[in-house]
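Participant: I'd like to ask you about the structure that follows.
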Amino acid sequence: MSNQTLNMKPNVAAALSYVFGWISGLIIFFLEKQDRYVRIHAMQSILVSAIFTVLTAVIRFVLGWFFLGKLILGVLSFAFFLVWLICIVQAASYKDFRIPFIGAIAEGIVG
11 MSNQTLNMKP NVAAALSYVF GWISGLIIFF LEKQDRYVRI HAMQSILVSA IFTVLTAVIR
71 FVLGWFFLGK LILGVLSFAF FLVWLICIVQ AASYKDFRIP FIGAIAEGIV G
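Have a look at this one:
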């Protein structure tokens, strides 16, 4: 078992880091100082939530309330939901799951 700061199993902490998006990701990232598995999942949660938030803001600003904007936001929200759900299940199953590109950035930040 790996070193851990939080008083919970690493797979539970990693899964919880996704539950409230970047907020739970930040909390777990700063509370867990030692377990790399948990910290990578927390950082991945922060990054994917931030990217979703920025994309949503840009699409709303550029396309406003046009039908195309609503359609794109609907597809983006559904895709984010699927990624979020997959991340929670994979983290809870103690699988070393990385979102392409984002996972590599998270690993680089965590070190």
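Going by our numbering, the sequence shown opens with residue 11, and the numbers climb by one from there. For every residue, glycine included, the Cβ atom is placed at its ideal position computed from N, Cα and C.
Nearest to Ala25 by alpha carbon, out of Arg70, Gln54, Phe40 and Lys43?
Facilitator: Answer by Cα proximity: Gln54.
Participant: Could you have a look at Met11 and say whether DSSP puts it in helix, strand or coil?
Facilitator: Its pLDDT being 44, under 50, Met11 is placed unreliably in this model, and the value from its coordinates should be taken loosely. Residue state, collapsed to three classes: coil.
Participant: Going by alpha carbons, who is nearest to Ile56 out of Gly121, Pro20 and Ser27?
Facilitator: It is Ser27 whose Cα lies nearest to the Cα of Ile56.
Participant: Can you have a look at Ser59 and say buried or exposed, based on whether 16 or more other CB atoms are within 10 angstroms of its CB?
Facilitator: Buried.
Participant: Starting from Arg49, trace the alpha helix (DSSP H) both ways and give me its first and last residue.
Facilitator: Unbroken alpha helix (DSSP H) run through Arg49: Arg46 to Leu73.
Participant: Which residues mark the beginning and the end of the alpha helix (DSSP H) in which Glu117 is found?
Facilitator: That run of the alpha helix (DSSP H) goes Ile112 to Val120.
Participant: Could you check the C-alpha separation between Arg108 and Leu73 for me, to the nearest Å?
Facilitator: The alpha-carbon atoms of Arg108 and Leu73 are separated by roughly 31 Å.
Participant: How long is the line joining the alpha carbons of Ile96 and Phe76, rounded to whole angstroms?
Facilitator: Rounded to the nearest angstrom, the two C-alpha atoms are 30 Å apart.
Participant: For the 8 Å Cβ check, are there 3 or more pairs between the region 64-73 and the region 83-103?
Facilitator: Short answer: they touch.
Participant: Quick one: using the 10 Å Cβ neighbour count with 16 as the cut-off for buried, is Gly118 buried or exposed?
Facilitator: Classification for Gly118: exposed.
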